[in-house]
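Here our numbering = 1-based position in the sequence shown + 8. Backbone N, C-alpha and C fix where the C-beta goes; we use that ideal spot for every residue, glycine too. Values in this document were obtained by computation on a predicted structure and should not be read as measured data.
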Amino acid sequence: QVQLVESGGGLVQPGGSLRLSCTPSGSINSLYLMAWYRQAPGKQRELVATITMTGRTNYADSVKGRFTITRGNDKNTVYLQMNSLKPEDTAVYYCNAQRIGPELWGQGTQVTVSS
Numbered sequence: 009q010v011q012l013v014e015s016g017g018g019l020v021q022p023g024g025s026l027r028l029s030c031t032p033s034g035s036i037n038s039l040y041l042m043a044w045y046r047q048a049p050g051k052q053r054e055l056v057a058t059i060t061m062t063g064r065t066n067y068a069d070s071v072k073g074r075f076t077i078t079r080g081n082d083k084n085t086v087y088l089q090m091n092s093l094k095p096e097d098t099a100v101y102y103c104n105a106q107r108i109g110p111e112l113w114g115q116g117t118q119v120t121v122s123s
């Protein structure tokens with residue numbers, strides 16, 4: 009079973025930047041979309057950004073203009089560049105891969121924005 013492995017989370021001050029990475033442990037067949045979600049304490053998991061295999065992107069209103077989702081050259085790796093971070097961006101960030109078959113989730117990486 010292919011697993012998604014996230015990295016790049018950490019503690020950053022307001023206004024700072026982080027870059028998250030999501031790397032599959034193997035090849036993902038019939039992949040058509042990858043996404044980043046986040047879940048803050050006491051809140052439901054929410055969609056942050058998506059990118060299709062053709063490169064089309066979509067963002068939550070709360071992160072538009074600050075976050076950028078991109079794919080690696082192998083197209084199975086996905087990144088989330090987060091700039092101008094705010095305390096309300098604090099959450100566990102999850103990578104998601106949608107394909108023909110069961111979707112895949114990573115284990116999550118903690119992002120904390122605090123002074």
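- Taking C-beta atoms as the reference points, LEU39 and ASN91 fail to come closer than 8 Å.
- In this structure, TYR87 keeps its C-beta atom at 8 Å or more from the C-beta atom of THR98.
- Rounded to the nearest angstrom, the gap between the Cα atoms of TYR67 and TYR101 is 14 Å.
- The alpha-carbon of MET42 is positioned some 8 Å away from that of MET61.
- For GLU54, the CB contacts under 8 Å within the same chain, skipping 5 residues up- and downstream, are TYR45, ARG46, GLN47 and ALA68 in chain order.
- Taken through DSSP and simplified to helix, strand or coil, PRO110 comes out as coil.
- DSSP places PRO95 in the helix class (H, G or I) of the three-state scheme.
- For ARG46, the uninterrupted beta strand (DSSP E) segment begins and ends at 39–47.
- Apart from the 5 residues on each side of it in sequence, ARG74 sits with its Cβ closer than 6 Å to the Cβ of ASN91 and SER92 in its chain, given in chain order.
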